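Asks:
Numbering (the numbering used here), first residue to last: 1042 to 1521.
Next comes the structure, spelled out in structure tokens:
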């Protein structure tokens, strides 16, 4: 904490910045100053002390928050492991309850920033346990809300959000003191419910609370783009994501929010049939431990639409093997996409196992139907039939999904039409509804153009049409 000459100047400056920042982490005192966050984010936290004191905890707490809010995440989760082992400090402590609550809340915020909400949720619960004042409780609830929402534990997140908002109103704090983490968690819960009206309200609240903060503005933009995607306003959504991902504002945004936006951009390109553009968008994207943003899952959506089911399975095997270390919010759509791939490959048993696991996770985490956003209704419909027949306990959850899916599922093909096609023809039919030409389809399927033309003629015959335009009209006919 000192410079190379051993001067106490930098340490004194850091302590002053940490004290000022720590005060403003709780409502009632305004937001931390950007210059203090920058100073703290660049400092080396050092090794664990021989004994933890309130002052030392305050300094680390402020540094963790500064790194989270300045996107200085190069040390990843290892930074937390330097001081904690399975949620407990590795050195003796003489910490007061408030100091302990503040430190745990900062660890929870840092874990959310690096994309490991499974760990962050535990620290948020500890922060709540030791909170002694309304300010400490509000901060702990905000960290809990974000980590639970990132991990798809939506009912618990919604409870934390409701309690936090009520506490904020009861205390009469200024609107500018609202927690960014609580708002982002609230936005994620709204996404799980496809509640676009509430998503817009959250974006407005982010912008109005801190109108001059680019980090908050970028989060608001991401939520607005998600609203466009759910409402199928793809053209405007693509333009907005391109602007955000390549504009100057990108340099002052949270990593996890940028990654969520990148996945949205790829999903929208896939929805438009621009597969050759969607995959390169994701080609250099790095999935960090915790998988709060899981790019193998993102790629799976595009690969499915391209008829490359075997690649879907191969590229997501490692994710499934992570078990409890994989974020539940991204694991659920990954399982549904694997289920579709297995079904199209003729492995019905494995398809049912994967979809059943997904439905059970949805049931456990609060009923989100967003895992089906990138899957055509016909595929989802058939898989839900199989799951309901295999496990009667899941019938109520399946019924709930059926009620909401027509407005959310990807453009569907008629089940009777698909039933007349072979598995190979069904895969090709998905590509016929895209903007790909015959040569591009041939490359995507790794076959010759003549083979594609022969298969297309067979599809035309079964559909009773004579052109691709007529075939697409039949294939995209709304499911009844």
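Even glycine gets a Cβ: it sits at the ideal position worked out from N, Cα and C. Given the structure is predicted, the values throughout are model-derived calculations rather than measurements.
#1: Within 10 Å of its beta-carbon, does residue 1205 have 16 or more other beta-carbons around it, so buried, or fewer, so exposed?
#2: Scan the region 1284-1370 and note each continuous alpha helix (DSSP H) run of 4 residues or more that stays entirely inside, going in chain order.
#3: Roughly how many angstroms lie between the CA atoms of residue 1390 and residue 1434, to the nearest whole one?
#4: Which two residues bound the contiguous alpha helix (DSSP H) that contains residue 1124?
#5: If we count the other Cβ atoms within 10 Å of its Cβ and call it buried at 16 or more, is residue 1243 buried or exposed?
#6: Just to confirm, is the Cβ distance from residue 1309 to residue 1278 under 8 Å?
#7: Taking the alpha helix (DSSP H) that residue 1413 falls in, what are its first and last residues?
#8: Count the other CB atoms, across all protein chains shown, that sit within 10 Å of the CB of residue 1091; report buried if there are 16 or more and exposed otherwise.
#9: Note down, in chain order, each residue of its chain lying with its Cβ closer than 6 Å to the Cβ of residue 1347, except the 5 sequence neighbours on either side.
#10: Run through DSSP, which three-state label would residue 1257 get?
#11: According to the neighbour-count rule (16 or more other Cβ atoms, all chains shown, within 10 Å of its Cβ), is residue 1049 buried or exposed?
#12: By alpha-carbon positions, which one of 1070, 1229 and 1057 ends up nearest to residue 1406?
#13: Taking the C-alpha atoms as reference points, what is the distance between residue 1489 and residue 1350?
#14: Tell me which same chain residues have a C-beta within less than 8 Å of the C-beta of residue 1456, skipping the five on either side of it?
#15: Give me whichever residues DSSP pairs with residue 1130 in a beta bridge.
#16: Three Cβ pairs or more, each shorter than 8 Å: is that satisfied between the region 1057-1073 and the region 1216-1236?
#17: Between the Cα of residue 1027 and the Cα atoms of 1188, 1195 and 1146, which residue gives the shortest distance?
#18: Thinking C-beta only, is residue 1356 closer than 8 Å to residue 1341?
#19: Suppose the cutoff is 6 Å on Cβ atoms and the five residues either side in sequence are ignored; what does the same chain contact list for residue 1110 look like?
#20: Out of curiosity, what's the CA-to-CA distance linking residue 1235 and residue 1271?
#21: Return the chain-ordered list of same chain residues with a C-beta closer than 6 Å to the C-beta of residue 1384, the five sequence neighbours on each side being excluded.
#22: What are the partner residues of residue 1093, as DSSP defines its beta bridges?
#23: Specify, as a first and last residue, the run of the alpha helix (DSSP H) that residue 1178 falls within.
#24: Quick one: what's got a C-beta closer than 8 Å to residue 1513's C-beta in the same chain, skipping five residues either side?
#25: Is the distance from the Cβ of residue 1428 to the Cβ of residue 1400 below 8 Å?
#26: Of the residues 1104, 1087, 1415 and 1269, which one's Cα is nearest the Cα of residue 1061?
#27: Are residue 1201 and residue 1186 close, meaning C-beta to C-beta below 8 Å?
#28: When we look at the beta-carbon of residue 1083 and count the other beta-carbons within 10 Å, is it buried (16 or more) or exposed?
#29: By the 10 Å Cβ neighbour count, where 16 or more other Cβ atoms means buried, how is residue 983 classified, buried or exposed?
#30: Which of the three DSSP states, helix, strand or coil, is assigned to residue 1236?
#31: For residue 1438, decide whether its Cβ has a neighbour in chain E, counting only Cβ atoms nearer than 8 Å.
#32: Please work out which residues of its chain come closer than 6 Å, Cβ to Cβ, to residue 1396, disregarding the five sequence neighbours upstream and downstream, and give them in chain order.
#33: Use the C-beta contact count for residue 1366: other C-beta atoms within 10 angstroms, 16 or more gives buried, fewer gives exposed.
#34: Give me the Cα-Cα distance between residue 1099 and residue 1063, rounded to the nearest whole angstrom.
#35: Which residue wins for smallest C-alpha separation from residue 1259, given the options 1225, 1232, 1273 and 1233?
#36: Would you grab the beta carbon distance between residue 1322 and residue 1307 for me? Rounded to a whole angstrom, and I think it's under 8 Å.
Replies: According to the data block:
#1: buried
#2: 1296-1312, 1316-1324, 1336-1346 and 1350-1362
#3: 18 Å
#4: It is not in any alpha helix (DSSP H) - residue 1124 carries neither H nor E in the DSSP assignment.
#5: buried
#6: yes
#7: Unbroken run through residue 1413: none, as it is neither H nor E.
#8: exposed
#9: 1316 and 1485
#10: helix
#11: Any answer about residue 1049 is weak, because its pLDDT of 40 lies below 50 and its placement is not dependable; what the coordinates show is given next. Burial call: exposed.
#12: 1229
#13: 18 Å
#14: Any reading at residue 1456 must be qualified, since the residue scores a pLDDT of 49, below 50, and its modelled position is unreliable; the value itself is stated next. Contacts found: 1419, 1422, 1423 and 1520.
#15: 1125
#16: yes
#17: The shown model of the chain, from 1042 to 1521, leaves out residue 1027, and the question about it has no answer.
#18: yes
#19: 1078
#20: 7 Å
#21: 1392
#22: 1134
#23: 1175-1191
#24: 1473 and 1474
#25: yes
#26: 1104
#27: yes
#28: exposed
#29: Because residue 983 is not part of the residues shown, which for the chain are 1042 to 1521, the question remains open.
#30: coil
#31: In the structure shown, chain E does not exist; there is a single protein chain.
#32: 1380, 1424 and 1428
#33: exposed
#34: 7 Å
#35: 1225
#36: 5 Å
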